[in-house]
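Structure first, commentary second.
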Amino acid sequence: MSVRTATIQRKTNETDISIKLTIGSLADDPSIHSIDINTGIGFLDHMYHALAKHARWSLSMTCKGDLHIDDHHTAEDTAIALGTAFAQALGQVRGIKRYGYAYAPLDEALSRAVVDISGRPYACIDLGLKREMIGTLSCEMIPHVLTSFATAAGITLHVDVLKGNNDHHRAESAFKALAVAIREAVESVGGNDVPSTKGVL
């Protein structure tokens, strides 16, 4: 697929977010492929960086959020904005695989992600995290980030952590599996066909 770009500005009373996202044929073009993320939540930055890196996205994201309250608005709103940017960058769903799946290990942890670029937002997320926090990110927000991304992107998403003892590893392997699954789903199959028997997505 060709390189596609979206720029999003999302400002509310709780967060002020700027995103520039490029998806497409970036792997061999280091002048385009860059990642710069600052949400104010270190572990969330780490997860978004893993997603962008392994999906082969170029991603610039900044967020000024009400972290004096807690992490909820920043985590949720950045995921909404990123999902919106993904849908905008992808544009009309034509000439792509549509479906993607991947397994990603991180040491003892193993995750599976399955993606359908369906136009029907739905998410089923089971990470099995046990800690209250990883760094300054609430563990309850990690599946919520994935759900918010899928909803805003208009995709069907299933992510399951199949095994693992360390919650950092479980979460990171989940984001990496998602990245690889998305990379497969948006892969070009040639032509301009809508990948649906309905003729529209």
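The opening residue of the sequence shown carries number 1196 in the numbering used here; numbering runs sequentially from there.
All residues carry an ideal CB built from backbone N, CA and C; glycine is no exception.
In this text, all values refer to a predicted model and were calculated from it rather than measured experimentally.
- The Cβ atoms of residue 1337 and residue 1322 lie closer than 8 angstroms to each other.
- Sequence-distant Cβ neighbours of residue 1344 in its own chain, meaning closer than 7 angstroms and more than five residues away, are 1274, 1277 and 1278.
- Taking C-beta atoms as the reference points, residue 1209 and residue 1261 count as a pair closer than 8 angstroms.
- Per DSSP, residue 1289 lies in no beta strand (DSSP E) segment and is marked neither H nor E.
- By the Cβ-count criterion, residue 1198 is exposed, with fewer than 16 other Cβ atoms from all chains shown falling within 10 Å of its own Cβ.
- Taking the Cα of residue 1240 as reference, the smallest distance to any Cα among 1301, 1367, 1382 and 1347 is reached at 1367.
- Residue 1378: member of the alpha helix (DSSP H) spanning 1362-1380, first to last residue.
- Residue 1379 and residue 1355 have their alpha carbons spaced roughly 18 angstroms apart.
- In the structure shown, residue 1310 adopts extended strand secondary structure according to DSSP, grouped into three states.
- In terms of Cα proximity to residue 1206, the closest of 1387, 1375 and 1259 is 1259.
- Less than 8 angstroms separates the beta-carbon of residue 1288 from that of residue 1312.
- Here residue 1236 carries a coil assignment [DSSP, helix/strand/coil].
- Annotation: residue 1198 is outside any alpha helix (DSSP H) and is labelled neither H nor E by DSSP.
- For residue 1350, no beta strand (DSSP E) encloses it, and the DSSP letter there is neither H nor E.
- In the three-state scheme derived from DSSP, where H, G and I count as helix and E and B as strand, residue 1343 is classed as helix.
- Exclusion of the five residues before and after residue 1245 leaves 1367, 1370, 1371 and 1374 as the residues of its chain whose Cβ lies within less than 7 angstroms of its Cβ.
- The closest CA to that of residue 1200, considering only 1233, 1254, 1386 and 1267, is found on 1254.
- For residue 1321, the three-state secondary structure derived from DSSP is strand.
- In the three-state scheme derived from DSSP, where H, G and I count as helix and E and B as strand, residue 1262 is classed as coil.
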